[in-house]
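Sequential numbering of the sequence shown, starting at 452, is according to our numbering.
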Amino acid sequence: MKIIDLTMMIDEQTPVFPGDLKQEIKQVAAIEKDGWNEKRISFSSHFSTHIDAPFHMLKEGKKLTDYPLDRFIGDGVVIDARNNSELGVDYVKQNNPELSLYKIKENKSKSSFNEVKLNNLKSSLDNNRQNNLKLSLDNVRQNDIVFFYTGRTKKAGSEEFFKKNPTISKGLAQRLIDKKIKIVGLDSFTPDNAPFEIHKLFFKHDILIVENLVNLEKLIGKRFKCYILPLKIKDADGAPCRVIGVIDE
Ligand SMILES: [Zn+2]
452 MKIIDLTMMI DEQTPVFPGD LKQEIKQVAA IEKDGWNEKR ISFSSHFSTH
502 IDAPFHMLKE GKKLTDYPLD RFIGDGVVID ARNNSELGVD YVKQNNPELS
552 LYKIKENKSK SSFNEVKLNN LKSSLDNNRQ NNLKLSLDNV RQNDIVFFYT
602 GRTKKAGSEE FFKKNPTISK GLAQRLIDKK IKIVGLDSFT PDNAPFEIHK
652 LFFKHDILIV ENLVNLEKLI GKRFKCYILP LKIKDADGAP CRVIGVIDE
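Structure (structure tokens):
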């Protein structure tokens, strides 16, 4: 059994959603002076790795405490969605590093031989990528917890973290809704930007959203047991949580 921690570290550097109050971490007691160590920590309900409940954006939406604990435990899958600014059902996009080969074709190919070779390469890359995506989405089952690996939280702490964040397209959101997954998540601070249509679409279908995950690359292509344990805050619209993935090995 192997346990992968998918949770961001909470410290002074943990990034907060633009406009949110910054966390405060104060040492309020020290062994030398008081006989024990203690910190006082304050943060918003959408701080660090956290889960959103529908009540976050829907007036009549469910709150975290409306769900039984088994809602937060289930089979997890991670879909590789690196280098895509918008994650769509057809998210095979020009941003992939491998596809820079296309540019060679466009810019430099002079002989028809090269063109044929590169065309073959292009179509085999296309097929592979389509198949990979199809496989990933095909692997998604009802009640799954589906995470998208974008690599974004590796940039946490830098200005780049908040710039041109990857988003989930409406089409992909609809596919996940049709598949009746129970939780969606990603390693970025949000799956969409204002006016947050994708958030609302998931919430309307009772799908919860986990944000600011880390270490997802360790679980790409694996089916694992996922545990998401939100802080037990009354009427919570969201709460930081410890998220772990457990694989049999
Ligand atoms: Zn949130």
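Using N, Cα and C, we set each Cβ at its ideal position, and we do this for glycine too.
Note that this is a predicted model, so its numbers are computed, not measured.
With a cutoff of 8 Å on beta-carbon distance, Pro681 and Phe523 are scored as near each other.
The residues Ser493, in chain order, have a CB closer than 6 Å to that of Glu475 in the same chain once the five nearest residues on each side in sequence are set aside.
Rounded to whole angstroms, Pro469 and Asn644 show a C-alpha spacing of 11 Å. Distance from the Cα of Gly602 is smallest, within the candidate group Leu623, Ile671 and Gln478, for Ile671.
At least one heavy atom of ligand 1 sits closer than 7 Å to the Cβ of Asp503. Leu627 sits close to Val597, with the two beta carbons spaced by under 8 Å.
Within the model, the alpha-carbon separation for Ile634 versus Lys490 is close to 32 Å. Taken in chain order, the complete beta strand (DSSP E) segments of 3 or more residues contained in the stretch 612-639 are 634-637.
Considered as a whole, the stretch 668-699 harbours 674-681 and 689-698 as its complete beta strand (DSSP E) runs of no fewer than 3 residues, in chain order.
Rounded to whole angstroms, Asp595 and Ile698 show a C-alpha spacing of 15 Å. For the pair Val665 and Met459, the CB atoms are nearer than the 8 Å cut-off. A direct Cα-to-Cα measurement between Asp629 and Phe613 gives close to 30 Å.
Ranking Lys651, Lys685, Asp517 and Gly527 by CA distance to the CA of Ile455 puts Gly527 first.
For Phe654, the secondary structure class from DSSP, reduced to helix, strand or coil, is helix. Secondary structure note for Asp485: its alpha helix (DSSP H) is the uninterrupted segment Ile482 to Asp485. Residues Ile628 of the same chain have their beta carbon placed closer than 7 Å to that of His656, with the five preceding and five following residues left out of the count.
The Cβ-Cβ distance between Pro691 and His501 falls below 8 Å. If you ignore the 5 residues before and after Phe653, its C-beta comes within less than 7 Å of the C-beta of Ala624, Val635 and Ile660, all in its own chain and listed in chain order.
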